[in-house]
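Reading through the structure tokens given below for one structure.
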């Protein structure tokens, strides 16, 4: 009977429960102390971490309040007048009154030279060196606060300038760090606070502490991140460095007693042994009854747990027992609510942009796929718009990323108002999420269900107009424009990824053409793919030395010692044939690969110039530098090394730069020009007249030559305005001591007129097309234009070259 009875669940529950209970109780007696201590330590460290954040916030708030109090005094009209007139009595009275009002312990007025003009309370001269870092920070930021030792006492100092309207003096206000200060921090943080001051070479000193018995400062620092026994009480510490600049470090050691956190565990430990015996007996009696009744509710709860696992967050089964199973059922309900709430929050974060509150890229793609699925059956149209803000990087770099975030938030609000409107789309397909979404960075997207190209352009134009309105943020007015690309379903693609890619291509086309809005054209995509392939082949061409240099000579209107030529890079592709420079040079500039091409051209041209000179041919070679090249700090060094390697004199080389190339970074560009000029080479302004601020930069640039752009020269004979421009440019350049070269000379009439206007050099197809080095040598032997002043001898028909 006993064997049969033991096989029953209730008896097995009783036996196993008793055995497990005894094992747990015995093991718990050994582990409880360790577990309790670990838990208490975690709790205390969590409180310390929270208290540290509160402590840091309190210091920041106190610093802000002190700075504001100092600004009030510095901005007082009477005080500024007293400072300007040197009225020491009024200054002392103002310091006394203001210091008493705000409870300051130290009031100083320092001159710009660091000398003490006035102090309250009256005190000997304070050395300026001890306050120089604080004054330096205030000079940069308008005000500064910090902790510093003054007269062997620790003060919290704040310094602000007295403006009239330029800084005329410095107001320094100090609040002594005393017992009241520390007790106030303890009351607000709930932690014991000890402030220590340590010089760079000295030992730490205790400024103030709220501990009942303050240990040695070195012991405090050593045990700041562990635990320390103080007066038979164990404290856990946390170190907070307040000030770590200059010659001294101010450190706060935050501490919390471990006794309070251990008390529940110690009481529970004592009670554990007594309860163990009673619990064992009670469990033996109750296990039979538990075995009879536990199966049914546990089964229902297990079934409910499986439903929760599957994502069904319903109401848990009711277990009206008033015991642990009832609590378990309640816990299941709370757990279900918590899981559902967390999943909702996670879902929101996964599909929502935190900064703007708009849907993010994930949500946008999901919404696009949903609309595509809905549009396939009734054969509807759909427009995808992506937009990117123009010059947003400039806003971030100039006004800061925090201001850039405000701009993005304002853009998000405007997109919500100016985006897709309910009357513009089918009611069944309209959703608030269609209004706008932030795809990342300064890129946004919109979906316009049922829209063709015309309707999508209407929405895009409305958005562009809304974004063009000036934004006033934090008192700063900024203009923001956007480039918008449009892709259409099904014309441009049937998959979400394809439509997004097409819209991006159209958007970058709009940005490149400064057109604001652009509808995707398959030609754009194929062209981009071709350009990408071209860039790869261009890299291989440079590495394999497949590029060639052509040289276009310049005609000298007066006899010259040497022939000037301009080196021009050419690319003869093995499959594509001749690739015009305009097809790969601008693309190389955009991708940054232009610097590799420039170094290749410089090396070959310098080597060719040196070779001509060794052969007795007096030739000077001009090289073109792009805007990216001019900003490369190492360019002058590369240039100097090439000259030395080829044995080429720097005066034989002319470096041609466009005036607009200086605008990207004038300081760096002009510095590089000075370094290049220091090598002895000649510098020339290329395409003069097409830049944005010619005269303002020409006078700063160390150049010797000015090249008039071909757009003014080609119509010199037929357009009176062009002749006026050319004549004025020649006179201006000569007055500045510069040599003038005219580009685009294609007829003898233009050549002769340039000579009459006093031009120095001419370059164009009439003189010669760009030719290879060996062809140039033949041209130098045969062409009359290789000699200076030839236009004075030739008459009648133009000379064939």
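In the numbering used here, the protein residues as written are 27 to 827.
Where a beta carbon is used, it is the ideal one built from N, C-alpha and C, also for glycine.
TODO: Please classify residue 111: is it buried, with 16 or more other beta-carbons within 10 angstroms of its beta-carbon, or exposed?
DONE: Translated into positions along the chain shown, residue 111 becomes position 85. Residue 111 is exposed by the Cβ-count criterion.
TODO: Compare the Cα-Cα distances from residue 12 to each of 130, 288 and 528 and report the closest residue.
DONE: In the structure as shown, the chain starts at 27 and stops at 827, and residue 12 therefore has no counterpart that could be examined.
Open item on the list: Check for me: the alpha helix (DSSP H) holding residue 247 runs from which residue to which?
Closed with: Numbered from its first residue, the chain shown carries residue 247 at position 221. Counting along the chain, the unbroken alpha helix (DSSP H) around residue 247 starts and ends at 243 to 248.
- [ ] Throw me the rounded Cβ distance for the residue 436 and residue 499 pair, which I believe falls under 8 angstroms.
- [x] Within the chain shown, the letter at position 410 stands for residue 436. Within the chain shown, the letter at position 473 stands for residue 499. Yes, they are in contact, since the Cβ atoms of residue 436 and residue 499 sit about 7 angstroms apart, within 8 angstroms.
Open item on the list: Within 8 angstroms, do at least three Cβ pairs link the segment 732 to 747 to the segment 690 to 705?
Closed with: Flag = no, the segment 690 to 705 and the segment 732 to 747 do not touch.
Open item on the list: To the nearest angstrom, how far is the alpha carbon of residue 266 from that of residue 234?
Closed with: Numbered from 1 along the chain shown, position 240 holds the residue referred to as residue 266. Numbered from 1 along the chain shown, position 208 holds the residue referred to as residue 234. C-alpha of residue 266 to C-alpha of residue 234: approximately 15 angstroms in a straight line.
Task: Simplified DSSP assignment, three categories, for residue 472 - done: Within the chain shown, residue 472 is the residue found at index 446, counting from 1. Taken through DSSP and simplified to helix, strand or coil, residue 472 comes out as strand.
Open item on the list: I'd like the span of the alpha helix (DSSP H) that includes residue 540, first residue to last.
Closed with: For this step, residue 540 is matched to residue 514 along the chain shown. It is not in any alpha helix (DSSP H) - residue 540 carries neither H nor E in the DSSP assignment.
TODO: Answer yes or no: do residue 784 and residue 756 have a C-beta to C-beta separation smaller than 8 angstroms?
DONE: Stepping through the chain shown from its first residue, residue 784 is reached at position 758. Stepping through the chain shown from its first residue, residue 756 is reached at position 730. For residue 784 and residue 756, yes; Cβs fall inside 8 angstroms.
Task: Neighbour-count burial assignment, residue 124, 16 or more Cβ in a 10 Å radius - done: On the chain shown, residue 124 is found 98 positions in, with the first residue counted as 1. Residue 124 is buried by the Cβ-count criterion.
Task: Beta carbon of residue 588 nearer than 8 angstroms to that of residue 577 - done: Your numbering for residue 588 matches position 562 in the chain shown. Your numbering for residue 577 matches position 551 in the chain shown. Against a cut-off of 8 angstroms, the Cβ pair of residue 577 and residue 588 comes out as no contact.
- [ ] Have a look at residue 747 and residue 763 and give me their C-alpha separation to the nearest angstrom.
- [x] The sequence position of residue 747 within the chain shown is 721, counting from 1. The sequence position of residue 763 within the chain shown is 737, counting from 1. Straight-line Cα distance between these residues: approximately 24 angstroms.
- [ ] Under 6 angstroms Cβ to Cβ from residue 585, same chain only, skipping five residues before and after it: list those, please.
- [x] In the chain shown, counting from the first residue as 1, residue 585 sits at position 559. Result list for residue 585: 814 and 815, in chain order.
Open item on the list: For a test of the three-state rule: what should DSSP assign to residue 174, helix, strand or coil?
Closed with: As a first step, residue 174 must be located in the chain shown, where it is residue number 148. Residue state, collapsed to three classes: strand.
Task: residue 729 to residue 420 span [Cα, whole Å] - done: Looking up residue 729 in the chain shown gives position 703. Looking up residue 420 in the chain shown gives position 394. Computed Cα separation, rounded: 30 angstroms.
TODO: Any chance you could list the alpha helix (DSSP H) runs of at least 4 consecutive residues sitting entirely within the segment 753 to 790, in chain order?
DONE: 774 to 782, all fully within the segment 753 to 790.
Open item on the list: Given this structure, state the Cα-to-Cα distance separating residue 709 from residue 628, to the nearest angstrom.
Closed with: The count along the chain shown starts at 1 and reaches residue 709 at position 683. The count along the chain shown starts at 1 and reaches residue 628 at position 602. The straight-line gap from Cα to Cα measures roughly 14 angstroms.
TODO: Count the other CB atoms, across all protein chains shown, that sit within 10 Å of the CB of residue 544; report buried if there are 16 or more and exposed otherwise.
DONE: Start at 1 with the first residue of the chain shown, and residue 544 comes out as number 518. Classification of residue 544: buried, given that the 10 Å Cβ count is 16 or more.
Task: Where residue 536 falls, given that 16 or more other Cβ within 10 Å makes a residue buried - done: Position 510 of the chain shown, counting from 1, holds the residue named residue 536. Buried, by the Cβ-count rule.
Task: CB-CB length for residue 787 against residue 582, believed under 8 angstroms - done: If you number the chain shown from 1, residue 787 lands on position 761. If you number the chain shown from 1, residue 582 lands on position 556. Confirmed, Cβ separation roughly 6 angstroms.
Task: Buried/exposed call for residue 807, threshold 16 Cβ in 10 Å - done: Within the chain shown, the letter at position 781 stands for residue 807. Its Cβ having fewer than 16 others within 10 Å, residue 807 is exposed.
Task: Close Cβ partners of residue 253 (< 6 angstroms) along its chain, the five nearest in sequence each way excluded - done: Within the chain shown, numbered from 1, the residue matching residue 253 stands at position 227. Excluding positions up to five away in sequence, the list reads 260 and 262.
Task: Local Cβ density within 10 Å of residue 719, reported as buried at 16 or more and exposed below that - done: Taking the first residue of the chain shown as position 1, residue 719 is located at position 693. Model confidence at residue 719 stands at a pLDDT of 45, short of 50, so the residue's coordinates are unreliable; what they give is reported in the following sentence. With a threshold of 16 other beta carbon atoms within 10 Å, residue 719 falls short and is exposed.
Open item on the list: Can you list, in chain order, the residues of its chain with a C-beta nearer than 6 angstroms to that of residue 222? Leave out the 5 residues immediately preceding and following it.
Closed with: The residue you call residue 222 lines up with position 196 of the chain shown. Counting only Cβ-Cβ distances below 6 angstroms, and skipping sequence neighbours, we find 230, 232, 243 and 277.
- [ ] Give me the Cβ distance between residue 197 and residue 138, rounded to the nearest whole Å; I'm assuming they're in contact under 8 angstroms.
- [x] Translated into the one-based positions of the chain shown, residue 197 becomes position 171. Translated into the one-based positions of the chain shown, residue 138 becomes position 112. With a contact defined as Cβ atoms closer than 8 angstroms, residue 197 and residue 138 miss out at about 12 angstroms.
Open item on the list: Tell me the residue span of the beta strand (DSSP E) that contains residue 867.
Closed with: Summary: the structure shown does not reach residue 867, with the chain confined to residues 27 through 827, and so no result is reported for it.
Open item on the list: By the three-class DSSP mapping on this structure, what secondary structure does residue 579 have?
Closed with: Taking the chain shown and counting its residues from 1, the one referred to as residue 579 is at position 553. It is a strand residue.
Task: Residue of 363, 466 and 423 minimising C-alpha distance to residue 388 - done: One-based indexing of the chain shown puts residue 388 at position 362. Per the Cα distances, 466.
- [ ] Please work out which residues of its chain come closer than 6 angstroms, Cβ to Cβ, to residue 173, disregarding the five sequence neighbours upstream and downstream, and give them in chain order.
- [x] For this step, residue 173 is matched to residue 147 along the chain shown. Result list for residue 173: 182, 268, 269 and 276, in chain order.
Task: Unbroken beta strand (DSSP E) run spanning residue 646, endpoints - done: As a first step, residue 646 must be located in the chain shown, where it is residue number 620. Taken as a continuous stretch (DSSP letters only), the beta strand (DSSP E) holding residue 646 covers 645 to 651.
Task: Where the beta strand (DSSP E) containing residue 484 begins and where it ends - done: Within the chain shown, the letter at position 458 stands for residue 484. It is not in any beta strand (DSSP E) - residue 484 instead sits in the alpha helix (DSSP H) that spans 479 to 494.
- [ ] Return the chain-ordered list of same chain residues with a C-beta closer than 6 angstroms to the C-beta of residue 605, the five sequence neighbours on each side being excluded.
- [x] Start at 1 with the first residue of the chain shown, and residue 605 comes out as number 579. Cβ within range, chain order: 597 and 599.
Open item on the list: Given this structure, state the Cα-to-Cα distance separating residue 744 from residue 579, to the nearest angstrom.
Closed with: The sequence position of residue 744 within the chain shown is 718, counting from 1. The sequence position of residue 579 within the chain shown is 553, counting from 1. Distance between residue 744 and residue 579, taken at the CA atoms: about 25 angstroms.
Open item on the list: What does the alpha-carbon distance come out to for the pair residue 31 and residue 361?
Closed with: Position 5 of the chain shown, counting from 1, holds the residue named residue 31. Position 335 of the chain shown, counting from 1, holds the residue named residue 361. Residue placement at residue 31 is flagged as unreliable, the pLDDT there being 44, under the threshold of 50; the coordinate-derived value follows with that caveat. Looking at the backbone, the Cα of residue 31 and that of residue 361 are separated by about 38 angstroms.
TODO: Take residue 382 as the anchor and find which of 492, 407 and 464 has the nearest alpha-carbon.
DONE: The count along the chain shown starts at 1 and reaches residue 382 at position 356. Nearest neighbour of residue 382 by Cα position, chosen from 492, 407 and 464, turns out to be 464.
TODO: Report yes if the CB atom of residue 487 is closer than 8 angstroms to the CB atom of residue 507, and no otherwise.
DONE: Along the chain shown, one-based indexing puts residue 487 at 461. Along the chain shown, one-based indexing puts residue 507 at 481. The criterion of a C-beta distance shorter than 8 angstroms is not satisfied by residue 487 and residue 507.
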